[in-house]
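Novice: Below is a structure I'd like to ask you about.
There are 2 protein chains.
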Amino acid sequence: MSVKFVGNVSQRFVDVLKSGDAVFVVVIGTTDTSLIPGITIAGASPELTHYTPAADVEFLIDGKCYVIPTPPVTPDGKPTPALISRACILLTKIPTIVVNSGCRVLPNIPYIDLRGMPGRDIRTGNALDIEVCRRIFHNAINVGKFLGSNFDIVILGESIPAGTTTAMAIMVALGFNAWGRVSSASPNNPIELKCRVVREAIRRAGVEVFEDPLQAVSAVGDPVHIALAGLTIGIVDSGCRVLLAGGTQMCAVVSILRKLDFNLDPEFLEIATTRWLVYDRQSDMIGLLSEIWNNYALLISEFSLSESKYPGLKAYDEGFVKEGVGMGGMLVTTLLRGFSKSEILSKVEEEYEKIFKSVPSE
Amino acid sequence: MSVKFVGNVSQRFVDVLKSGDAVFVVVIGTTDTSLIPGITIAGASPELTHYTPAADVEFLIDGKCYVIPTPPVTPDGKPTPALISRACILLTKIPTIVVNSGCRVLPNIPYIDLRGMPGRDIRTGNALDIEVCRRIFHNAINVGKFLGSNFDIVILGESIPAGTTTAMAIMVALGFNAWGRVSSASPNNPIELKCRVVREAIRRAGVEVFEDPLQAVSAVGDPVHIALAGLTIGIVDSGCRVLLAGGTQMCAVVSILRKLDFNLDPEFLEIATTRWLVYDRQSDMIGLLSEIWNNYALLISEFSLSESKYPGLKAYDEGFVKEGVGMGGMLVTTLLRGFSKSEILSKVEEEYEKIFKSVPSE
């Protein structure tokens with residue numbers, strides 16, 4: 011089987027994902043929390059993590075990067091998940107647009123700007139001023155309405171280094187037990203460090219559990235998750251469907267929506283991710299999701315890279331990367347639209363080869 | 011009659027405009043050319059013209075402004091054309107999105123960013139570095155493809171103070187006789203001043219006629235017109251139609267397209283403007299257009315504000331404003347979609363009244 015359905019997956023939703031008019035939206039942003047050494051491997055150094063979202067979407071859209079000289083691939087050749095999502099876009103021809111919720115480094119491709127700001131280090135100060143948080147949310151709802159009035163389904167992905175840490179902080183601040191349950195791009199999830207950062211952030215904020223999700227995000231969150239929540243509200247308000255394409259970070263989006271009393275209806279909202287993330291034993295996507303949304307619907311891509319001829323790609327099956335830039339959702343969509351696993355593998359390898367052709371050899 | 015057809019208007023094009031899936035796109039930008047005293051009345055002072063595009067689209071989308079304390083209305087009560095376009099959006103429910111090609115002051119609403127830059131004063135230096143000009147053009151084509159793949163027709167409007175002056179400069183630099191033929195938001199078109207500025211710009215650039223339209227725009231243009239040309243190319247490339255919603259500035263867009271050997275086919279590209287602009291005796295829209303595009307198709311809105319109860323609105327029939335923020339194109343579209351002139355007038359007056367209710371009385 012190519013796609014596994016868990017929970018209350020709606021057949022009508024799947025039909026729309028299979029053949030409806032879809033758009034892929036990638037929300038980018040940064041948080042200075044990513045500068046904490048060891049918290050993320052989404053960048054060759056802590057400082058370079060600020061370039062990752064911009065480089066990810068430049069690569070996704072144009073197949074090359076402008077803000078950094080080479081495409082986002084680790085020194086030992088493990089590429090950004092944007093590569094897999096790009097292969098899916100090329101196969102399905104689903105139109106794609108980037109939304110900037112607040113980035114320190116801006117991409118040199120077009121994007122929809124929400125007039126947000128980059129998030130601060132959640133240990134040392136509020137992530138976002140409350141008025142900035144409200145503006146991102148308000149503008150995201152309006153963009154969501156615009157997108158929702160023109161498509162049948164919107165696939166929402168994200169790129170924000172250290173996003174699992176701020177996601178954990180958001181969920182904890184909203185009263186959910188997210189401690190140590192979020193995922194990581196590394197096979198060695200730095201769970202202890204993440205928990206310590208979240209504890210420090212919550213202590214600094216001076217509130218254990220927030221009633222208002224916007225206050226929680228303003229205190230210990232980041233621009234991306236509140237943007238995703240606003241987009242979802244606007245899209246569904248227009249009668250359109252949303253596929254949240256991501257891992258444990260999307261649980262944080264659902265936690266915000268739940269606290270806003272949004273109707274979490276699997277007819278209109280489902281989540282999709284990868285097998286790499288769901289079957290990871292160092293995180294607990296399904297447990298976390300069940301706690302936040304008892305009626306959840308989850309689509310899992312069973313696509314694997316274990317048979318790739320490239321070690322950099324096989325690494326995905328060894329616990330590296332796992333999710334990001336909408337990879338899981340785009341894989342699920344591409345599989346449901348009738349492309350075989352081997353067709354996807356070929357396209358991924360073709361795009362991977364182009365990276366190395368474009369990099370001058372030493 | 012509500013809409014007048016001039017030139018090679020295509021019935022199929024009109025049918026799509028009547029009932030197709032439409033989107034309204036407003037391209038904003040600034041040029042420091044607007045700081046020349048007397049060149050434009052699109053702002054209470056030369057410095058404030060840099061706020062006008064941002065304020066226009068904030069008002070268009072949200073019905074209020076954030077970058078300036080009160081909505082864009084002159085001290086004696088003549089409102090921005092964004093008011094009329096907003097009334098048309100409210101009636102037709104056509105989704106609307108803003109594209110930023112390069113603004114000194116950014117709006118606090120969402121927009122698609124083309125990674126451009128504000129234009130410099132064309133008398134004193136190149137308007138845009140050539141790589142910035144190329145990036146705007148490249149990114150606009152991609153955004154155009156995105157929009158074109160999702161709609162049947164795109165209505166393209168603009169807001170750039172002093173845009174008629176840079177439009178004249180672009181057309182002259184491409185070898186067309188645009189001297190003194192462009193329009194003005196003022197009933198007293200400062201034609202002499204505009205011609206002097208264009209002459210200075212052309213002299214400074216050191217080239218009489220440019221072969222490459224991107225070089226011409228880089229030298230004596232601005233970010234908005236090249237963005238509109240790129241968007242048009244991308245949209246039509248996706249099999250979608252474009253209505254250029256504007257006055258003599260849209261002639262500059264057509265001049266760029268013509269020099270790029272773009273197929274100017276009225277089946278896919280037409281222009282719409284207002285009666286206020288076309289019948290103005292201080293400019294020559296039809297003469298200019300005929301010179302650039304012998305096969306042109308022009309739709310003219312016959313909507314008038316002479317019967318309004320408000321002097322600020324009646325001023326439109328006395329030669330003020332005339333065009334901008336896609337007003338003519340949105341009026342044509344709204345009329346073709348079956349709304350009567352009196353329905354439009356009521357909605358315009360309703361929105362006009364809200365401006366004064368929102369302004370604290372002195």
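Protein chains in written order, with this note's numbering: chain A, 11 to 372; chain B, 11 to 372. Don't be surprised by glycine CBs; every beta carbon is placed ideally from N, CA and C. Please read all numbers here as calculations on a predicted model, not as lab measurements.
So, is the C-beta of V128 of chain B closer than 7 Å to a C-beta in chain A?
Specialist: Taking the second sequence and counting its residues from 1, the one referred to as residue 128 of chain B is at position 118. The sequence shown places Pro at residue 128 of chain B, not Val. Not one chain A Cβ lies under 7 Å of P128 of chain B.
Novice: Only counting the same chain, and skipping five residues up and downstream in sequence, which positions put a Cβ closer than 8 Å to that of S316 of chain A?
Specialist: As a first step, residue 316 of chain A is located in the first sequence; it is residue number 306 there, counting from the start. Within the same chain, S316 of chain A has close Cβ partners K324, D327.
Novice: State yes or no: is the beta carbon of Y121 of chain A nearer than 7 Å to at least one beta carbon in chain B?
Specialist: Here residue 121 of chain A refers to the residue found at position 111 of the first sequence. Yes, its Cβ sits closer than 7 Å to a Cβ of chain B.
Novice: Output the boundary residues of the alpha helix (DSSP H) element that contains A173 of chain A.
Specialist: In the first sequence, counting from the first residue as 1, residue 173 of chain A sits at position 163. Here the sequence assigns Gly to residue 173 of chain A, which means Ala is not the residue at that position. Its alpha helix (DSSP H) spans residues 173-183.
Novice: Should D42 of chain B be labelled buried (16 or more other beta-carbon atoms within 10 Å of its own) or exposed?
Specialist: Within the second sequence, the letter at position 32 stands for residue 42 of chain B. The residue in question, D42 of chain B, is buried, as its Cβ has 16 or more Cβ neighbours within 10 Å.
Novice: Distance cutoff 7 Å, beta carbons only. Does N149 of chain B sit that close to anything in chain A?
Specialist: Working through the second sequence from its first residue, we reach residue 149 of chain B at position 139. Yes, contact with chain A.
Novice: Look at V264 of chain B and L309 of chain B and say whether their C-beta atoms are less than 7 Å apart.
Specialist: One-based indexing of the second sequence puts residue 264 of chain B at position 254. One-based indexing of the second sequence puts residue 309 of chain B at position 299. No, these two residues do not count as a Cβ contact at 7 Å.
Novice: Taking 6 Å as the limit between beta carbons, can you name the residues of its chain near P233 of chain B, skipping five residues before and five after?
Specialist: Along the second sequence, read from residue 1 onward, the residue named residue 233 of chain B stands at position 223. Result list for P233 of chain B: G39, S111, G112, G126, G129, I146, in chain order.
Novice: Which residues, in order along the segment 93-114 of chain B, keep a beta-carbon less than 9 Å from a beta-carbon of chain A?
Specialist: Answer set for the segment 93-114 of chain B: K103, P105, T106, I107, V109, N110.
Novice: When the distance is taken between beta carbons, is V37 of chain A closer than 7 Å to L238 of chain A?
Specialist: Along the first sequence, one-based indexing puts residue 238 of chain A at 228. Along the first sequence, one-based indexing puts residue 37 of chain A at 27. Contact: yes.
Novice: For my contact list, V227 of chain B and H235 of chain B are in at a C-beta cut-off of 8 Å; report their separation, rounded to the angstrom.
Specialist: Position 217 of the second sequence, counting from 1, holds the residue named residue 227 of chain B. Position 225 of the second sequence, counting from 1, holds the residue named residue 235 of chain B. The pair is a contact, with the Cβ atoms about 6 Å apart (cut-off 8 Å).
Novice: Give me the residue from B:L138, B:G158, B:L124 with the minimum Cα distance to L224 of chain B.
Specialist: As a working note, residue 224 of chain B is residue 214 in the second sequence. Nearest C-alpha to L224 of chain B: B:L138.
Novice: Output yes if chain A places a C-beta closer than 7 Å to the C-beta of F69 of chain B; else output no.
Specialist: Indexing the second sequence from 1 puts residue 69 of chain B at position 59. Chain A contact via Cβ: absent.
Novice: Who are the Cβ neighbours of F272 of chain B in its own chain at under 7 Å, not counting the five residues just before and after it?
Specialist: For this step, residue 272 of chain B is matched to residue 262 along the second sequence. I243.
Novice: In chain B, which residues lie less than 7 Å from V153 of chain A when you measure between Cβ atoms?
Specialist: On the first sequence, residue 153 of chain A is found 143 positions in, with the first residue counted as 1. Simply P120.
Novice: Go ahead and pull the three-state DSSP assignment for P63 of chain A.
Specialist: By one-based count along the first sequence, residue 63 of chain A stands at place 53. Annotated three-state conformation of P63 of chain A is helix, per DSSP.
Novice: 7 Å is my cut-off, CB to CB: does F34 of chain B come that close to chain A?
Specialist: Counting from one through the second sequence, the residue named residue 34 of chain B turns up at place 24. With 7 Å as the cut-off, F34 of chain B does not count as an interface residue toward chain A.
Novice: What residues from chain B crowd round R347 of chain A, counting only those whose CB sits closer than 8 Å?
Specialist: Within the first sequence, residue 347 of chain A is the residue found at index 337, counting from 1. Going along chain B, no residue has its Cβ under 8 Å from R347 of chain A, so there is no contact; the nearest lies around 16 Å.
Novice: From the beta carbon of R251 of chain B, is the nearest beta carbon of chain A less than 7 Å away?
Specialist: Your numbering for residue 251 of chain B matches position 241 in the second sequence. Not an interface residue.
Novice: With distances taken between CB atoms, is the gap from E168 of chain A to G53 of chain A smaller than 7 Å?
Specialist: As a working note, residue 168 of chain A is residue 158 in the first sequence. As a working note, residue 53 of chain A is residue 43 in the first sequence. It is not a contact, given that the beta carbons lie outside the stated cut-off.
Novice: Identify which residue in A:S318, A:E301, A:M337 has its Cα closest to the Cα of W189 of chain A.
Specialist: On the first sequence, residue 189 of chain A is found 179 positions in, with the first residue counted as 1. When only C-alpha atoms are compared, the closest one is A:E301.
Novice: At what residue ranges does the segment 116-178 of chain A contain a whole run of the alpha helix (DSSP H), taking only runs of 4 or more?
Specialist: Within the segment 116-178 of chain A, the complete alpha helix (DSSP H) segments at least 4 residues long are 140-158, listed from N- to C-terminus.
Novice: Starting from N160 of chain B, find everything on chain A with Cβ-Cβ shorter than 8 Å and list it in chain order.
Specialist: The residue given as residue 160 of chain B occupies position 150 in the second sequence. The answer, in chain order, is D31, V33, P105, N160, F161.
Novice: Just to confirm, are A179 of chain A and I132 of chain A a CB contact at a threshold of 7 Å?
Specialist: The residue you call residue 179 of chain A lines up with position 169 of the first sequence. The residue you call residue 132 of chain A lines up with position 122 of the first sequence. Cβ distance < 7 Å, so A179 of chain A and I132 of chain A count as in contact.
Novice: How many angstroms separate the CA atom of L220 of chain A from the CA atom of I78 of chain A?
Specialist: To locate residue 220 of chain A, count along the first sequence from 1; it is residue 210. To locate residue 78 of chain A, count along the first sequence from 1; it is residue 68. The displayed chain sequence assigns Phe, not Leu, to residue 220 of chain A. F220 of chain A and I78 of chain A: Cα-Cα distance of roughly 39 Å.
Novice: Taking C-alpha atoms, which residue in A:K88, A:T59, A:R144, A:Y306 lies nearest to V115 of chain A?
Specialist: Numbered from its first residue, the first sequence carries residue 115 of chain A at position 105. For V115 of chain A, the nearest C-alpha among the options comes from A:T59.
Novice: With 7 Å as the threshold, decide whether the Cβ of R125 of chain A is near any Cβ in chain B.
Specialist: Position 115 of the first sequence, counted from the start, is the residue given in the question as residue 125 of chain A. True, the Cβ-Cβ gap to chain B drops below 7 Å.
Novice: With DSSP collapsed to three states, give me the class of S29 of chain B.
Specialist: As a working mapping, residue 29 of chain B is identified with position 19 in the second sequence. Three-state result, S29 of chain B: helix.
Novice: What residues in its chain sit with their C-beta under 8 Å from that of K364 of chain A, if we drop five residues either side in the sequence?
Specialist: The residue you call residue 364 of chain A lines up with position 354 of the first sequence. Closer than 8 Å at Cβ, skipping near neighbours: G73.
Novice: Are the C-beta of F156 of chain B and some C-beta of chain A separated by less than 7 Å?
Specialist: Working through the second sequence from its first residue, we reach residue 156 of chain B at position 146. So, interface residue.
Novice: Quick check: the Cα distance between S375 of chain B and R96 of chain B, rounded to an integer number of angstroms?
Specialist: What the structure shows of chain B is the stretch from 11 to 372, and residue 375 of chain B is not part of that stretch, so it cannot be assessed.
Novice: Check the Cβ of R145 of chain B against every Cβ in chain A and list those closer than 7 Å, keeping chain order.
Specialist: Looking up residue 145 of chain B in the second sequence gives position 135. The answer, in chain order, is N118.
Novice: Grab the span of the beta strand (DSSP E) containing T343 of chain B for me, first residue to last.
Specialist: The residue you call residue 343 of chain B lines up with position 333 of the second sequence. It is not in any beta strand (DSSP E) - T343 of chain B instead sits in the alpha helix (DSSP H) that spans 337-346.
Novice: When DSSP builds the beta bridges, which residues end up paired with L279 of chain A?
Specialist: On the first sequence, residue 279 of chain A is found 269 positions in, with the first residue counted as 1. Looking at the DSSP assignment, L279 of chain A forms a beta bridge with A:V252.
Novice: Relative to the alpha-carbon of K332 of chain B, which residue among B:L287, B:G322, B:I151, B:L299 has its alpha-carbon at the smallest distance?
Specialist: Locating residue 332 of chain B in the second sequence gives position 322, counting from the first residue. It is B:L287 whose Cα lies nearest to the Cα of K332 of chain B.
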